[in-house]
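J.:
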Amino acid sequence: MEVYLTLALLMSRGVVLALGHDGLVDVPVPSGLTLQSNKSAQTLTLTWESDSSQFDIEIFHTELMNVVINETVESKADPTAGQHVWTWHSGLPLECTSHSVHIRARYQQTVSQWSPLQTIPGSDVPEQFLSKMYPQDKVVHVGNNMTFCCIVGEKINFDRILYHGKEMNATRVSRRTYAVTVVNLTVSEVTGTNVICCSKSHTLTGAVVFVAYPPGDEDLVCETRDLTSAVCSWKKGRATQMRKTHQRTKYSLNGRDCLQANKGEMLSCTWTSWEQNWTLVAQNPLGRVQLTDSASLADRVHLLVPVDVTAVEVEAWSSTLKWRWSVAAYKKLDMICQLKLNSRELTVTRNFSGTGLSSVLLDGLWPDVGYSVSVRCGSLHGFWKWGDESAPYRIHTKMWRPDPPDVWIWMDSETSGWVLWKPLSVSESHGALDGFEVSQSDADSDRWSTVSLSHNNFKFPITLTNNSDINVTVAARNPAGLSQPSALTVPAYRAVGSQLKVSELTGTNGGFDLSWRSDVHGRGGFVVEWIPTGCAGLCAVKWLKVPESNSSVRVGPESLEAGVRYTVSVYSLSAGAPVLLERWNGYTQELPPSESVVKLSPVQISSDVLLSWKAVPMKQQRGFIRGYSIYLATAARLELLANVSDPDMSSYRVTGLSLGSYKFVVKAYNSAGEDSGSTVAIKLEINMDMMVVGILVSLGSMFFCLILISIFCYKRREWVKKAFYPEIPGPKVSGDWCSPQGPLDVKASPHSLVHIVESPEWEFSKKGLVPVPEEEEENIGVDTDSDEPALLKYYNQVVGEDSRSNPLSDSSGSSTFSVDSGRTDITYTGIQSPTSSHGGGYRPQMQPVSGPDESNVGFESDFQEESSGYKPQCSWQLDSPEAENFRGSVGSPTSVTSSQFLLPESSEENRPAHGWFHSILSRKS
Amino acid sequence: MAGRASRGRHWLRGHAGSSPALARLLHEECIQLLELYRKRESLPSSPVAGDYLVSIPPLVPPMSHAEKISILHAALKECLRLLEDVITRENAEFSEEEGEYTRQRTTVKDLLGHLLVSTERLLVDGQRFEAAVKEELDGSGIFDLKMWISRVLQDLVHWTGQTSDTLNQAPAEKAPISRRTRKGTRKTRN
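Order-wise, the sequence lines are chains F and B.
Residues 1261 to 2185 in the numbering used here are what the first sequence spells out, letter by letter.
Residues 92 to 281 in the numbering used here are what the second sequence spells out, letter by letter.
#1: Buried or exposed for H118(B), please, with buried defined as at least 16 other CB atoms from any protein chain shown within 10 angstroms of its CB.
#2: If you drop the 5 nearest sequence neighbours on each side, which residues of the same chain put their C-beta closer than 8 angstroms to that of V1828(F)?
#3: Would you list the one or two residues that DSSP bridges to H1349(F)?
#4: Would you say S137(B) lies against chain F (beta-carbon separation less than 8 angstroms)?
#5: Whose C-beta lies closer than 6 angstroms to the C-beta of A1928(F) among residues of the same chain, with five residues either side of it excluded?
#6: Here's a check: name, in chain order, each residue in its chain whose Cβ is nearer than 6 angstroms to the Cβ of I1380(F), leaving out the five neighbours to either side.
#7: From the DSSP output, in three-state form, read off K168(B) for me.
#8: In three-state terms, what does DSSP make of L2138(F)?
#9: Applying the criterion that 16 or more other CB atoms from any shown protein chain within 10 Å of the CB defines a buried residue, is K168(B) buried or exposed?
#10: Exposed or buried, H1424(F), counting other C-beta atoms within 10 Å across all chains shown (16 or more means buried)?
#11: Output, in sequence order along the chain, the residues in the segment 201-224 of chain B whose CB is closer than 8 angstroms to any CB in chain F.
#12: Return the chain-ordered list of same chain residues with a C-beta closer than 6 angstroms to the C-beta of Y1631(F), the five sequence neighbours on each side being excluded.
#13: Measuring alpha carbon to alpha carbon, tell me which of V1440(F), R1432(F), V1433(F), P1986(F) ends up nearest L1422(F).
#14: With a threshold of 8 angstroms between beta-carbons, can L1383(F) be considered close to chain B, or not?
#15: Buried or exposed: where does I1955(F) fall if 16 or more other Cβ atoms within 10 Å of its Cβ makes it buried?
#16: Would V1813(F) pass as a contact of V1806(F) if the rule is Cβ separation under 8 angstroms?
#17: Please name the residue in A1588(F), E1478(F), S1489(F) whose C-alpha comes closest to that of T1539(F).
#18: Does DSSP classify V1926(F) as helix, strand or coil?
#19: Since R1366(F) contacts W1374(F) with CB under 8 angstroms, what's their CB separation in whole angstroms?
#20: Contact between the segment 164-182 of chain B and the segment 140-154 of chain B is defined here as three or more beta-carbon pairs at a separation below 8 angstroms; is this criterion met?
#21: What's the C-alpha gap between Y1473(F) and A1521(F)?
#22: For R1508(F), which residues in chain B fall below 8 angstroms Cβ to Cβ?
#23: If you draw a straight line from the C-alpha of R115(B) to the C-alpha of G252(B), how long is it?
#24: Can you find a C-beta in chain F that's less than 8 angstroms from the C-beta of I233(B)?
#25: Taking the alpha-carbon positions, what's the L134(B) to V1633(F) distance?
#26: Just to confirm, is the Cβ distance from A222(B) to A166(B) under 8 angstroms?
#27: What does the alpha-carbon distance come out to for the pair V1869(F) and D1949(F)?
#28: Report yes if the C-beta distance between S1310(F) and H1349(F) is below 8 angstroms; otherwise report no.
#29: Strictly under 8 angstroms for the Cβ-Cβ distance: is L134(B) near chain F by that measure?
#30: So L1304(F) and L1352(F) are in contact, right, with Cβ under 8 angstroms, and what is the actual spacing, rounded?
#31: Does any CB atom of chain B fall closer than 8 angstroms to the CB of H1562(F)?
#32: Along chain B, in chain order, which residues have C-beta atoms closer than 8 angstroms to that of E1454(F)?
#33: Which term fits W239(B), buried or exposed, when burial requires 16 or more other beta carbons within 10 angstroms of its beta carbon?
#34: Could you work out which residues of chain B lie near Q1396(F), taking near to mean beta carbons separated by less than 9 angstroms?
#35: Using only CA atoms, which one of I233(B), V243(B), L213(B), V177(B) lies nearest to K225(B)?
#36: If you draw a straight line from the C-alpha of R1882(F) to the C-alpha of S1911(F), how long is it?
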């Protein structure tokens, strides 16, 4: 300690000497500097004497001579004491280390010498060797900054400082002192926030800081409960978060401590008498708030709870409720009381007023109903607030006779019907029903027959035996008695579709708005009845009674269903039987039909299809059917064919269809849309009957034509013969040429054509012409053995179909002859053998050509011999038996080619035949 | 003395009853209480500097188990007094609502009372030992109070551990006491 003071003194002297060399000695040095510290407030108060009014002040952390503050201050001396006083607030607790202060006077730019250093010793002096931390148990406002210091004990190594478990950056202030500054402090936990100074291995010391708020109390209100004393209460507002017992908020009301509040039990304070003005002070170490209230007693009456609430004289429709007050002064108070009635269905409140009110009559109750009732009261004049409410008290009213049932009679035929009545609600039955009594009598007689029914019966069948009116009454019974009877005369049965016109009715907003003739007055009012149209058996009949003065009513959607057709009837009630006034059919809301047309069937009529169906059943129509849509269904979509707008139509003819398969869809529609549709498929086919008829007609026509042609040919047979088969002049032969005189030397005439066919047999079936090269044509006359003439080529074509269809017979029928190996056929044309046409006749192609045949040789010889002028056709006689065999060969290669190629071209007799055939050939070519 | 010790050992076997299990349970509850306190106060896990508050004569090998238990009983009795003092001071200083720490504190207090009653029956011939509390609360700061509470809780952990070890070691008396003492010390210092 002494060492540091000496050091400070030496430093002070050095400064003075230096200043002395500069010559700044004119201003006198302040004298009598004394220091006074307030460690809890962390303030240092300097007192000195001087004539100057401006001073420079320097404060150091003594040990390390760190300048904490160097400030020029204005100060005037206290007139009485003649001293200057200046106070400095230190951020660092003054205990943390020693602080040294010196001061000098200033006059403009001239300053005095520094005064001697004055030092306030800290707790880090060697004499105090234990570890310590400052400040201890400080209470600060949330958001403030705080500096803590740790003085480490002698010979102990400092390691760290933790704030709320978090290590802080420490600054060394002296040899043993380290400081940390925490900014923007947050609210502490219950036991405050710990600041801990640690060595490497141990907790050395620490401090606790309480970071909290000043009191936030608000809304002071004072009232009286007993018309004498006062109870002031308030709201806590923002919590102070101050949990240290001795630092909690302290309350005082009009200068007196509020014990209840100070114990933390409740935020209220009682006062034995009423005062006009009230002041509450709430205070804690961080601050205080003051709340005020001002009111007269009459305006602050808060009544206590009524006690002993009981019901007396409980009747069916009313009850009396009584209670008692615990404060006698209430008996003279004009008060208003509110009774809250709770039943199963509703809650109502009723207000009653009076002086010292303690009983009320509750009327308007319903019989046989349980109520719970509670009471609360307030001052009538200067009403402040409702008093405390009593606990609910239960009341159950007595039973009463039931109300008359709502009765209606529905006739389902001329002679039978049902008496119907509606169930009574709780508010109508006035007690649990025992049952109903139904009485029936003829209007002509007074004899009544009564039937008792159980409470869950709501209908009774009636049967009419004669034409007189029948009166029916229905009454309900409960333990309290029998209700007034509801009487009604049985109405006449009016079937739907009878002479009464039935109009179409459109619903609105799910219900029916009905109106009827206003000139009809039912003295007993009207009944609107509605039932599902077309229902069978005991239908769900509903009705509504309308007062006499009304001629319109709305039937709400509660009892109606969308998509159902209802028959709505209005009856007028009078002395006799109800009279039917009007009747409608309608839907409250139409829906698309739920089912499609039924029994859809197609019938093919020629190229048309007749579709027929049966209508959608009534129940599934769900709206008035307006028509039908006919669709042709394809793979991709439905193609609308027709729209049948007549709902009574049940067929449609689809016309102009070609053969094939079709699928038709028929959908019924109403105003809400179409149904899903019925589908039917049909395959259009040829009408076989008609086809057979056509064929027969065609055949008949052909046959007829043939007959005509035959007749014509027969009539003109001479002409035909001339035209088609002219006479062929016979050869003029001299002598008996038929007996052979020697072998004939037959040489092939240039016109005798030999056709060597190397192609196999199939070539006969070839159509068309075989083209012959030009050069070959030129060699016709030269090479008769190998090349056939061009005309012969055409022969194959001329012979026509027959030759192709039967080459075998063709070969036999022709005058061809094959002389060759089995592979080569040789066909002779123009050589005719009458016996070779059929059967065992000559068939050159059928003869195996195995080698030189004698007969063939002979024949060949004959042929050659005839070459000088022989015309083999001369032997042909059309009339001869052999010739008859050739009739069928007219046009065959045998006959035609024979006459063509063997007759001289210049012969006049052959010209017509030649011309006819040639013309054919020419056309062919 | 030796005969008395032998007699006490056999007697202990028959009369220890639920004390060993109770002591073990109390020791665990004390450890948990210390942990809860450190957690609530954000204190470092390192122990507070200083010796144990409660001091007893050294438990040397020649002592019988009954004698050791008598000495430990005296230490636990002081621990209970200190714990009750802690509760009183904390309730006076802070208006704290019931929480996990306060519930655990009550549990330890109750268990400690039960253990004292349980071990009371094990004391030899009414022989009583006195335990001394070397340091009472020093300083008036809240932090001093917290450090003192920490030391009380550390003592609780230590002496309940010692008692648990001693009670549970009754059949195997040959084990050296000094080792167990060190073990108990190590436990609490962690």
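Glycine residues also receive a C-beta, built at the ideal position from the N, C-alpha and C atoms.
For clarity, every value in this text was computed on a predicted model and none was experimentally measured.
T.: On the basis of the coordinates in this document:
#1: Along the second sequence, one-based indexing puts residue 118(B) at 27. A buried status is given to H118(B), since no fewer than 16 other beta-carbon atoms sit within 10 Å of its beta-carbon.
#2: The residue labelled residue 1828(F) in the question sits at position 568 within the first sequence. These residues qualify, in order along the chain: L1765, F1772, L1774, V1788, E1789, W1790, V1815, R1843, W1844, N1845, G1846.
#3: Counting from one through the first sequence, the residue named residue 1349(F) turns up at place 89. Beta-bridge pairing by DSSP links H1349(F) to T1303(F).
#4: As a working note, residue 137(B) is residue 46 in the second sequence. True, the Cβ-Cβ gap to chain F drops below 8 angstroms.
#5: In the first sequence, the residue the question calls residue 1928(F) occupies position 668. Excluding residues within five positions, the ones whose Cβ falls inside 6 angstroms are P1853, V1857, V1876, I1885, Y1888, D1935.
#6: Within the first sequence, numbered from 1, the residue matching residue 1380(F) stands at position 120. So the list reads L1295, S1297, H1359, once near-sequence residues are dropped.
#7: Taking the second sequence and counting its residues from 1, one reaches residue 168(B) at position 77. Helix at K168(B).
#8: Taking the first residue of the first sequence as 1, we reach residue 2138(F) at position 878. For L2138(F), the pLDDT reaches just 42, beneath the cut-off of 50, and the residue's location in the model is therefore unreliable, although a value from the coordinates is still provided. Note: L2138(F) maps to coil in three-state DSSP.
#9: Translated into the one-based positions of the second sequence, residue 168(B) becomes position 77. Buried is the call here.
#10: Here the question's residue 1424(F) lines up with position 164 in the first sequence. Around the beta carbon of H1424(F), 16 or more other beta carbons sit within 10 angstroms, so the residue counts as buried.
#11: Of all residues in the segment 201-224 of chain B, none is placed with a Cβ closer than 8 angstroms to any Cβ belonging to chain F.
#12: In the first sequence, residue 1631(F) corresponds to position 371, counting from 1. Once the five neighbours on either side are set aside, the close Cβ partners of Y1631(F) are L1601, S1603, I1655.
#13: Working through the first sequence from its first residue, we reach residue 1422(F) at position 162. Check the Cα spacing between L1422(F) and each of V1440(F), R1432(F), V1433(F), P1986(F): the tightest is with V1440(F).
#14: Reading the first sequence from its first residue, position 123 is the one you call residue 1383(F). Note on identity: in this sequence residue 1383(F) is Ser, with Leu being the wrong assignment. Not an interface residue.
#15: Stepping through the first sequence from its first residue, residue 1955(F) is reached at position 695. Label assigned to I1955(F): exposed.
#16: Taking the first residue of the first sequence as 1, we reach residue 1813(F) at position 553. Taking the first residue of the first sequence as 1, we reach residue 1806(F) at position 546. The answer is yes: Cβ separation under 8 angstroms.
#17: Your numbering for residue 1539(F) matches position 279 in the first sequence. When A1588(F), E1478(F), S1489(F) are compared, the shortest CA-CA separation from T1539(F) is found for E1478(F).
#18: Translated into the one-based positions of the first sequence, residue 1926(F) becomes position 666. Correct three-state label for V1926(F): strand.
#19: By one-based count along the first sequence, residue 1366(F) stands at place 106. By one-based count along the first sequence, residue 1374(F) stands at place 114. With a Cβ gap of about 11 angstroms, R1366(F) and W1374(F) do not count as contacting.
#20: In short, these stretches touch, since the Cβ pair count reaches three.
#21: As a position in the first sequence, residue 1473(F) is number 213, starting the count at 1. As a position in the first sequence, residue 1521(F) is number 261, starting the count at 1. Looking at the two C-alpha atoms, the distance is approximately 18 angstroms.
#22: Taking the first sequence and counting its residues from 1, the one referred to as residue 1508(F) is at position 248. Neighbourhood of R1508(F) in chain B, by CB distance below 8 angstroms: S186, in chain order.
#23: The residue labelled residue 115(B) in the question sits at position 24 within the second sequence. The residue labelled residue 252(B) in the question sits at position 161 within the second sequence. Computed Cα separation, rounded: 7 angstroms.
#24: Here residue 233(B) refers to the residue found at position 142 when the second sequence is read from its first residue. For I233(B), the answer is yes, since a Cβ of chain F falls inside 8 angstroms of its Cβ.
#25: Locating residue 134(B) in the second sequence gives position 43, where the first residue counts as 1. Locating residue 1633(F) in the first sequence gives position 373, where the first residue counts as 1. Answer to the nearest angstrom: the Cα atoms are 60 angstroms apart.
#26: Numbered from its first residue, the second sequence carries residue 222(B) at position 131. Numbered from its first residue, the second sequence carries residue 166(B) at position 75. In this structure, A166(B) lies closer than 8 angstroms to A222(B) by Cβ.
#27: Counted from its first residue, the first sequence places residue 1869(F) at position 609. Counted from its first residue, the first sequence places residue 1949(F) at position 689. The alpha-carbon atoms of V1869(F) and D1949(F) are separated by roughly 18 angstroms.
#28: The count along the first sequence starts at 1 and reaches residue 1310(F) at position 50. The count along the first sequence starts at 1 and reaches residue 1349(F) at position 89. Not in contact: S1310(F) and H1349(F) (Cβ atoms no closer than 8 angstroms).
#29: Taking the second sequence and counting its residues from 1, the one referred to as residue 134(B) is at position 43. Chain F, which has a Cβ nearer than 8 angstroms to the Cβ of L134(B), makes this yes.
#30: Locating residue 1304(F) in the first sequence gives position 44, counting from the first residue. Locating residue 1352(F) in the first sequence gives position 92, counting from the first residue. With a contact defined as Cβ atoms closer than 8 angstroms, L1304(F) and L1352(F) miss out at about 11 angstroms.
#31: Sequence index remark: in the first sequence, residue 1562(F) carries index 302 (1-based). So no, H1562(F) is outside the interface.
#32: Taking the first sequence and counting its residues from 1, one reaches residue 1454(F) at position 194. Note that residue 1454(F) is Asn in the sequence shown here, rather than Glu. What N1454(F) touches in chain B: E132, S133, L134, F234, K237.
#33: Translated into positions along the second sequence, residue 239(B) becomes position 148. When all chains shown are included, W239(B) counts as buried.
#34: By one-based count along the first sequence, residue 1396(F) stands at place 136. Correct list: G230, S231, G232, I233, F234, D235.
#35: Counting from one through the second sequence, the residue named residue 225(B) turns up at place 134. Among I233(B), V243(B), L213(B), V177(B), the Cα nearest to that of K225(B) belongs to V243(B).
#36: Taking the first residue of the first sequence as position 1, residue 1882(F) is located at position 622. Taking the first residue of the first sequence as position 1, residue 1911(F) is located at position 651. In this model, R1882(F) and S1911(F) are separated by some 22 angstroms (Cα to Cα).
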